[in-house]
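In what follows, a structure is listed as structure tokens, so that the remarks can point back to it.
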Amino acid sequence: MAGRNSLFGPVDPAQDAGYEAPPARKGFFTDTSVCIGCKACEVACKEWNLLPDDGFDLLGSSYDNTGALGANTWRHVAFVEQPAGRVAPVSLGMPGVGPPAGALAPSGASAGGLGPPAPAEGAPNLLEALDGGTETEGDGHPDFRWLMSSNVCKHCTHAACLDVCPTGALFRTEFGTVVVQDDVCNGCGYCVAACPFGVIERRKGPAGARNVGIAQKCTLCYDRIGDGLEPACAKACPTESIQYGDLDELRERADARVRRLQDEGVEGARLYGHDPHDGVSGTGAFFLLLDEPEVYGLPPDPVVTTRDLPQMFNRAGMAGLALLAGAALSFLGGRR
Amino acid sequence: MTGTTADRDTRGRGGRRRTHGGETAMVPPAEFTSYYGRPVVKPAPWTWEIPAYMFAGGLAAGSSLLGAGADLAGHEALRRSGRLTALGALGFSMAALVSDLGRPERFLNMMRTVKVTSPMSVGTWILALYGPPAGLAAAAEVAGMLLPGSKAAPVRLLVAAGRPAGLLAGLFAPPVAAYTAVLLSDTATPSWHEAYRELPFVFCGSAAAAAGGLAAAIVPPEQAGPARRLAVGGAVAEALAEHRMERSMGITAEPLRTGVPGRLMRAARVLTLAGAAGTLLAGRSRAVAVASGAALLAGSVCTRFGVVRAGIASALDPRYTVVPQRERVDRGEPVRHVAG
Numbered sequence: 001m002a003g004r005n006s007l008f009g010p011v012d013p014a015q016d017a018g019y020e021a022p023p024a025r026k027g028f029f030t031d032t033s034v035c036i037g038c039k040a041c042e043v044a045c046k047e048w049n050l051l052p053d054d055g056f057d058l059l060g061s062s063y064d065n066t067g068a069l070g071a072n073t074w075r076h077v078a079f080v081e082q083p084a085g086r087v088a089p090v091s092l093g094m095p096g097v098g099p100p101a102g103a104l105a106p107s108g109a110s111a112g113g114l115g116p117p118a119p120a121e122g123a124p125n126l127l128e129a130l131d132g133g134t135e136t137e138g139d140g141h142p143d144f145r146w147l148m149s150s151n152v153c154k155h156c157t158h159a160a161c162l163d164v165c166p167t168g169a170l171f172r173t174e175f176g177t178v179v180v181q182d183d184v185c186n187g188c189g190y191c192v193a194a195c196p197f198g199v200i201e202r203r204k205g206p207a208g209a210r211n212v213g214i215a216q217k218c219t220l221c222y223d224r225i226g227d228g229l230e231p232a233c234a235k236a237c238p239t240e241s242i243q244y245g246d247l248d249e250l251r252e253r254a255d256a257r258v259r260r261l262q263d264e265g266v267e268g269a270r271l272y273g274h275d276p277h278d279g280v281s282g283t284g285a286f287f288l289l290l291d292e293p294e295v296y297g298l299p300p301d302p303v304v305t306t307r308d309l310p311q312m313f314n315r316a317g318m319a320g321l322a323l324l325a326g327a328a329l330s331f332l333g334g335r336r
Numbered sequence: 337m338t339g340t341t342a343d344r345d346t347r348g349r350g351g352r353r354r355t356h357g358g359e360t361a362m363v364p365p366a367e368f369t370s371y372y373g374r375p376v377v378k379p380a381p382w383t384w385e386i387p388a389y390m391f392a393g394g395l396a397a398g399s400s401l402l403g404a405g406a407d408l409a410g411h412e413a414l415r416r417s418g419r420l421t422a423l424g425a426l427g428f429s430m431a432a433l434v435s436d437l438g439r440p441e442r443f444l445n446m447m448r449t450v451k452v453t454s455p456m457s458v459g460t461w462i463l464a465l466y467g468p469p470a471g472l473a474a475a476a477e478v479a480g481m482l483l484p485g486s487k488a489a490p491v492r493l494l495v496a497a498g499r500p501a502g503l504l505a506g507l508f509a510p511p512v513a514a515y516t517a518v519l520l521s522d523t524a525t526p527s528w529h530e531a532y533r534e535l536p537f538v539f540c541g542s543a544a545a546a547a548g549g550l551a552a553a554i555v556p557p558e559q560a561g562p563a564r565r566l567a568v569g570g571a572v573a574e575a576l577a578e579h580r581m582e583r584s585m586g587i588t589a590e591p592l593r594t595g596v597p598g599r600l601m602r603a604a605r606v607l608t609l610a611g612a613a614g615t616l617l618a619g620r621s622r623a624v625a626v627a628s629g630a631a632l633l634a635g636s637v638c639t640r641f642g643v644v645r646a647g648i649a650s651a652l653d654p655r656y657t658v659v660p661q662r663e664r665v666d667r668g669e670p671v672r673h674v675a676g
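Chains A and B are the protein sequences, given in the same order. Residue 139 in my numbering sits at position 139 of the first sequence, and the numbers go up by one each step. Residue 573 in my numbering sits at position 237 of the second sequence, and the numbers go up by one each step.
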């Protein structure tokens with residue numbers, strides 16, 4: 001099924017993998033502008049996919065005590081605390097509690113008896129924290145903002161992990177996603193080094209957990225979407241920050257959403273992974289971000305390594321021929 | 337470094353980065369953004385077995401080439417050492433490969449598919465083509481040594497198979513030495529991927545230096561001429577290719593110069609060039625030949641460990657992933673597929 005763009009360039013990944021008339025490509029659109037950092041996605045993913053825990057560490061990175069995607073973490077919520085000042089906060093239409101925004105006095109004191117109780121002296125005001133911060137600068141803007149983003153396997157159009165897998169344990173599903181077959185993987189670890197997003201990982205433990213020694217990552221809930229269910233993380237997301245569906249439709253929805261945010265003055269709003277002409281030819285799971293990708297721990301310009309594979313083999317072929325010629329010359333080069 | 341937030345990283349830069357390959361000198365950004373300094377890509381979960389395998393595989397390949405050449409040229413001792421070294425090194429490298437797997441008992445799953453997009457699959461099949469003739473050539477050598485002049489048909493058949501098997505092994509040997517460079521380069525590991533142009537030449541040179549050095553140390557000097565020439569040629573080729581490689585890698589050459597990998601790479605350079613010089617000057621001195629051979633072998637080991645460790649260091653520091661990509665984007669040259 002190798003076609004012109006099988007190593008690089010826009011393709012329908014399922015068709016390129018040999019499926020005839022596959023169903024529509026499925027994916028995630030993660031709209032980080034409405035993520036509230038509740039981590040329901042992390043929990044739902046762990047529960048549905050029976051992922052072992054990683055211990056309970058305090059990482060000192062805001063509310064993120066998970067750290068990164070890995071063998072035991074297939075959804076990861078990043079928390080970025082940024083000094084505001086560079087960006088004025090814009091109401092993102094997040095669901096909230098209490099009276100409508102207009103009824104809230106800037107100090108957070110409740111208006112009338114129907115609002116939430118005023119916080120006790122010295123206690124953190126959760127409503128204001130949700131809105132961006134408790135301290136304000138002279139202009140009434142909070143002095144910092146939180147960026148929250150639920151990260152996940154990108155299910156790349158050109159997936160390096162799948163390309164380099166020597167056993168065929170990683171395969172392309174009919175939905176265009178990338179899944180590991182636990183009973184085939186022999187734990188060579190090649191996919192780990194190949195992934196430009198640092199997603200897939202060989203499970204190290206805990207001892208006694210299943211699939212230790214085997215590469216593990218998000219399956220886009222292959223065992224759910226085949227039955228018409230949505231993936232566990234999207235199901236659990238209370239703000240629809242994680243949206244699951246046909247990739248074409250998600251891309252349209254995302255285009256409309258990012259245009260709207262930009263019209264409202266959210267300058268940093270941009271899509272990430274939506275472009276079928278980028279270095280991995282677009283991803284099945286793409287994002288709406290409010291800042292540069294590296295702020296969230298994402299690579300700014302990821303490229304599937306296999307794009308350069310023909311040149312790599314060419315160079316290796318030249319080096320091999322040079323070695324053969326050198327060895328021949330050693331025997332022809334005189335008698336000593 | 338650990339930051340309190342997704343902070344700008346303002347560490348000082350390595351000082352030796354300058355122009356490369358005729359491109360304009362560009363001052364790299366002093367700072368870049370990361371998520372709490374955490375890595376963007378994950379390092380390969382490979383321990384000492386993989387660089388050790390790469391060294392042994394190179395040694396086996398170079399030795400098979402020497403064995404095949406010596407067979408044709410009539411150098412019996414050189415042929416014997418080449419064939420036997422190849423088998424020993426191959427056996428060690430296979431064991432190292434299997435033990436590095438997360439599930440060693442599933443090693444044979446490597447053989448359930450042929451995938452040209454996977455250098456590891458390609459390498460598995462190269463080894464599958466190379467191993468049997470290399471083993472047969474060594475078996476013929478052993479049969480000839482243990483049962484000289486035997487008239488038994490199986491022994492005569494085995495000895496007669498030695499030459500075609502040895503030549504076949506010599507033919508498959510260069511891919512064995514070269515593919516390991518592709519194996520490393522075909523990853524998102526910055527210091528491996530960016531080395532893809534020159535790394536095969538570094539590894540092939542290293543293979544020739546190690547195999548030549550070992551053969552020159554164990555074969556009588558009057559038969560060791562080809563081994564000495566292969567060793568010196570390989571050492572010089574490796575040094576030149578490595579120098580060129582570091583200049584073409586931009587910022588991702590830094591891990592090859594700093595920390596433990598930097599020390600390994602410097603040791604590799606000193607050992608390899610000293611071993612080559614010793615080989616040139618050894619004359620008939622067996623002691624010098626042995627010392628030189630040991631230096632060349634050690635140099636080859638250091639090269640493999642240095643390159644592998646540098647790659648892992650480059651994956652653990654987000655700088656080497658983010659900065660080159662950010663520079664591309666800021667220049668307005670993000671990677672895009674252009675139809676054509």
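Even glycine gets a Cβ: it sits at the ideal position worked out from N, Cα and C. All of these numbers come straight from a predicted model, not from anything done at the bench.
{"query": "Candidates B:Leu408, B:Gly393, B:Gly459, B:Ala413, of which the one nearest glycine 427 (chain B) by Cα", "result": "B:Gly393"}
{"query": "Contact with chain A by phenylalanine 428 (chain B), beta-carbon distance below 8 Å", "result": "no"}
{"query": "Candidates B:Leu617, B:Ser621, B:Leu632, B:Leu520, of which the one nearest valine 606 (chain B) by Cα", "result": "B:Leu632"}
{"query": "Residues near proline 680 (chain B) in its chain [Cβ-Cβ closer than 8 Å; skip 5 each side]", "result": "Lying before the first or after the last residue shown, residue 680 (chain B) is absent from chain B, which here runs from 337 to 676."}
{"query": "Closer than 8 Å to chain B by CB, aspartate 246 (chain A)", "result": "no"}
{"query": "Inter-stretch contact at 8 Å, needing at least 3 Cβ pairs: the segment 398 to 406 of chain B / the segment 149 to 169 of chain A", "result": "no"}
{"query": "Exposed unless 16 or more other CB atoms sit within 10 angstroms - verdict on histidine 673 (chain B)", "result": "buried"}
{"query": "Chain B residues whose Cβ lies nearer than 8 Å to that of serine 281 (chain A)", "result": "His673"}
{"query": "Given cysteine 218 (chain A) as reference, the closest of A:Cys45, A:Ser33, A:Val34 once Cα atoms are compared", "result": "A:Cys45"}
{"query": "Segment limits, alpha helix (DSSP H) that includes proline 196 (chain A)", "result": "Where proline 196 (chain A) is concerned, there is no enclosing alpha helix (DSSP H), given that its DSSP letter is neither H nor E."}
{"query": "Contacts of leucine 401 (chain B) in chain A (Cβ-Cβ under 8 Å)", "result": "Leu323, Leu324, Ala327"}
{"query": "Nonlocal neighbours in the same chain, by C-beta distance under 7 Å from histidine 529 (chain B), ignoring five residues either side", "result": "Ser521, Thr523"}
{"query": "Touch test, the segment 9 to 17 of chain A against the segment 209 to 226 of chain A, Cβ-Cβ under 8 Å, three pairs minimum", "result": "no"}
{"query": "Limits of the alpha helix (DSSP H) - the one that tyrosine 222 (chain A) falls within", "result": "222 to 225"}
{"query": "Best match in B:Gly485, B:Val512, B:Ala388 for proximity to phenylalanine 313 (chain A) [C-alpha to C-alpha]", "result": "B:Val512"}
{"query": "Helix, strand or coil at threonine 657 (chain B) according to DSSP, with G and I counted as helix", "result": "helix"}
{"query": "Closest by C-alpha distance to glutamine 262 (chain A), when choosing among A:Ala285, A:Leu290, A:Ala325", "result": "A:Leu290"}
{"query": "Cutoff 8 Å: histidine 277 (chain A) Cβ touching any chain B Cβ", "result": "yes"}
{"query": "Leucine 170 (chain A) - partner residues in DSSP beta bridges", "result": "A:Val180"}
{"query": "Touching by the beta-carbon criterion (3+ pairs, under 8 Å), the segment 553 to 562 of chain B and the segment 404 to 416 of chain B", "result": "yes"}
{"query": "Beta bridge counterpart(s) of serine 33 (chain A) as assigned by DSSP", "result": "Note: serine 33 (chain A) sits in no beta bridge, so no partner."}
{"query": "C-beta neighbour in chain B for phenylalanine 331 (chain A), strict 8 Å", "result": "yes"}
{"query": "Distance between leucine 329 (chain A) and glutamine 311 (chain A) (C-alpha atoms, nearest Å)", "result": "27 Å"}
{"query": "Expected contact under 8 Å - CB spacing of phenylalanine 28 (chain A) and isoleucine 200 (chain A) to nearest Å", "result": "The pair is not a contact, with the Cβ atoms about 16 Å apart (cut-off 8 Å)."}
{"query": "Arginine 354 (chain B) (DSSP reduced to helix, strand or coil)", "result": "Interpretation of arginine 354 (chain B) is limited by its pLDDT of 37, a score under 50 that renders its predicted location unreliable; the figure taken from the coordinates is listed afterwards. Residue state, collapsed to three classes: coil."}
{"query": "Test item: CB-CB of alanine 575 (chain B) and leucine 609 (chain B) under 8 Å", "result": "yes"}
{"query": "Whole-angstrom distance between valine 626 (chain B) and cysteine 161 (chain A), CA atom to CA atom", "result": "44 Å"}
{"query": "Per DSSP, cross-strand counterpart(s) of phenylalanine 537 (chain B)", "result": "Paired residues: none, contrary to the question."}
{"query": "Chain A contact residues for tryptophan 382 (chain B), given Cβ-Cβ distances below 7 Å", "result": "Gly189"}
{"query": "Under 7 Å by beta carbon: chain B residues contacting serine 61 (chain A)", "result": "Tyr372"}
{"query": "Spatial neighbours of alanine 422 (chain B) in its chain, beta-carbon cut-off 7 Å, leaving aside the 5 residues before and after", "result": "Ala396, Ser399, Ser400, Gly403, Ala470, Ala474, Ala505"}
{"query": "C-beta neighbour in chain B for glutamate 294 (chain A), strict 8 Å", "result": "yes"}
{"query": "Residues of the segment 214 to 229 of chain A with Cβ closer than 7 Å to any Cβ of chain B, in chain order", "result": "Ile214"}
{"query": "Chain A within 8 Å of aspartate 653 (chain B), Cβ atoms only", "result": "no"}
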